[in-house]
Every structure is written in structure tokens, then in C-alpha cells.
Amino acid sequence: MVDAPQPGTRSTPGSKEPKRDAGVLVIGLGRFGSAIAATLERLGQDVLAVERDPQLVAQWAGRVPLVEADCTNPEALEQLGARDFPVAVVGVGSYLEASVLITGNLVDLGTPQIWAKAISAEHARILQRIGAHHVVLPEADAGSRVAHLVSGKLLDYIEVEDGFTVVKMRPPRETQGFTIAQSKIRERYGVTVIGVKSPGIEFVYAEPETRISANDLIIVSGHAELLERFASRP
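Using UniProt numbering, read the sequence shown as starting at 1 and increasing by one per residue.
Written as C-alpha cells, this is what we have:
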């Protein structure tokens, strides 16, 4: 259960007013929300973080633009100008009731893009049903990614959507010393080499005449199952 909502907001010392109509509202400064807020600030994006825990507020004061408020209360969101932000991130995940209330409040405000953190598939379904545009399960996503990395020769793994994935890997032995056209990787395995990184040489986009050597790293795209099959080649 969450605490009873307290109306009103409080800006922390040194907080700055972000430009409206071009900023990101980040609600919740746990590990997920704080990483997003700090990264956006470092990239020069206009961001306003909102947190109701005084200890977290004190920890982040002066590091990111910050307001202390309880966003389960729709009046607090109105007071801090949430209606003017085109993008909002709900980083509150551990407290299901608070997560749902905050997301619902943003939906009621008509926020064009709502990103919300979920901690389970059931939580994600609830957030989607009430109107979150993008739902992220960071622990599940990270676990899936790490599982792919530790199970084979993959050095990096990014699932884009609907099974379409981009990986970084060492080239199978049968492709080493041959051009991409000679290896016929796409015809044989259904995946596409999109780039090659040789030691001491800048990354190059792959072309049919690009030759792959044993020490290269290759960037390959395709369906996850096909990529796993290709990566399992000796």
C-alpha cells in the first residue's frame, strides 16, 4: 500500500525549470528512473525528475532538475506542469498501486508518450490496459539478454521487436577468409551481416565484397532463432 497522497509539490534547491513542450518527465528515482534522468541530463535533454521520498530527493538534489511530489495525486501532477511534457517515464515499479495510479493520472492528462516500468508480466498487462504506450521490464529484458550472452559465442545481444534481433559475435570458422558474397550467409542461414569491425580499423558497413577474418567482430541481424543457429556454428 502507498501512503495517503499529499497535495502540493516542492522544488529542491538548485532545481531548474525545464523548457516546456520539449522535455521528459521522470517519475521515481530508484535505480531505473535515476539512470534515465541522469543520462538524459548528461545528453543535454530537458528533464524534470519527480520523487516523493525525501531521502532520494536529498540524494539527487543538485544532480538533476528535481521536484518533490507525490504523483499518485493528480493535483500534484497538475501543479508541477506535467500536462506540458510530451514524454513521461514512470520509474515506480516496486509499488504496484502507485505505478498504476501514476500511469492512470498521466493517461487522464493526455500525455502523448508514457513509458512505464513493470516488474512482472501481469504488471505489464495492467499498465498496457490502462493506456501506457511503452512498458519496460528491465530485469526480465536484462536476464534474457545475459542468458543469450552466456550460452554461446554472442558478445552482445539486442532484441528490437517481434524476435528481430541484432547481435555482435565472432565469425564462424566457415566464413573466415571469405567475402560475404562467397560465404552466402544470408542464403544459407537467413541472417544478414550489417557490419564488420577489424582490430585497429574503424567499423565498416558490410558489402558483398567485404572480407571476414578470424579476428574480426561482425554485427548480424535477423530472427533470434536463426541468429542462435548461426552463432552455434564452430
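For glycine and all other residues, C-beta sits at the position ideal for the given N, C-alpha and C.
Computed from a predicted structure; not experimentally measured.
For residue i, three-class secondary structure by DSSP
i, result
"GLN176", "coil"
"ARG52", "coil"
"LEU106", "helix"
"GLU130", "Checking the sequence shown, residue 130 turns out to be Ile, not Glu. Here ILE130 sits in helix by DSSP."
"ASP33", "Per the sequence presented here, residue 33 reads as Gly, with Asp not at that position. Here GLY33 sits in helix by DSSP."
"PHE230", "helix"
"VAL100", "helix"
DSSP beta-bridge partners of residue i
i, result
"GLN113", "VAL87"
"ILE218", "MET169 and VAL196"
"ARG211", "THR179"
"PHE164", "GLU161 and HIS223"
"GLY23", "ASP46"
"ASP156", "LYS168"
Contact check, residue i vs residue j, beta carbons under 8 angstroms
i, j, result
"GLY91", "LYS117", "yes"
"VAL191", "LEU227", "yes"
"LEU96", "TRP60", "no"
"VAL50", "VAL24", "no"
"ALA231", "LEU154", "yes"
"ILE219", "ILE194", "yes"
"VAL57", "ALA37", "no"
"ASP53", "PRO74", "no"
"PHE32", "PRO199", "no"
"ARG233", "PRO172", "yes"
"VAL87", "GLN113", "yes"
Supposed close pair residue i, residue j - CB separation, criterion 8 angstroms
i, j, result
"ALA206", "ILE180", "6 angstroms"
"VAL160", "VAL166", "7 angstroms"
"VAL150", "TRP115", "The Cβ separation is near 28 angstroms, so there is no contact."
"ARG211", "PHE178", "7 angstroms"
Check: residue i C-beta below 7 angstroms from any heavy atom of the ligand NAD
i, result
"GLY110", "What this structure holds is no ligand at all, so the ligand NAD is not there to describe."
Worksheet item: Does the count of Cβ pairs from the stretch 92-104 and the stretch 125-145 closer than 8 angstroms reach three?
Response: Contact holds: three or more Cβ-Cβ distances are below 8 angstroms.
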